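Novice:
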Amino acid sequence: MTETFDVECPGCGETKGPITTHPGTVGIHCSCGVSSSVDIEAQEIGDWWER
Numbered sequence: 002m003t004e005t006f007d008v009e010c011p012g013c014g015e016t017k018g019p020i021t022t023h024p025g026t027v028g029i030h031c032s033c034g035v036s037s038s039v040d041i042e043a044q045e046i047g048d049w050w051e052r
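Numbering of the sequence shown is given in the working numbering, commencing with residue 2 and proceeding in unit increments.
Have a look at this one:
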């Protein structure tokens, strides 16, 4: 079975996921106007910025 996890948006705290584990990073975009990178190995938000 594929492992997944969730992260919270650093702008509004909304839960984003499920995110599938694999090497590298992915990006998320929230309706509050925040975009961020997610470090898959650490399962946490990396850099983030407001759009």
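Don't be surprised by glycine CBs; every beta carbon is placed ideally from N, CA and C.
Please read all numbers here as calculations on a predicted model, not as lab measurements.
#1: Return the CA-CA distance between Thr-21 and Pro-11, expressed in angstroms with no decimal places.
#2: Rounding to the nearest angstrom, what Cα-Cα distance links Phe-54 and Arg-52 in this structure?
#3: Smallest Cα separation from Glu-4: which of Gly-28, Ile-46, His-23?
#4: Look up Ile-41 in the DSSP assignment and say whether it is helix, strand or coil.
#5: Can you name the start and end residues of the beta strand (DSSP E) that His-30 belongs to?
Specialist: Let me lay it out:
#1: Counting from one through the sequence shown, the residue named residue 21 turns up at place 20. Counting from one through the sequence shown, the residue named residue 11 turns up at place 10. Those two C-alpha atoms are separated by around 19 Å.
#2: Since the first residue of the chain shown is 2 and the last is 52, residue 54 is not available in this structure.
#3: As a first step, residue 4 is located in the sequence shown; it is residue number 3 there, counting from the start. The shortest Cα separation from Glu-4 among Gly-28, Ile-46, His-23 belongs to His-23.
#4: The residue given as residue 41 occupies position 40 in the sequence shown. Coil at Ile-41, not helix or strand.
#5: Looking up residue 30 in the sequence shown gives position 29. From DSSP, the beta strand (DSSP E) with His-30 extends over 26-30.
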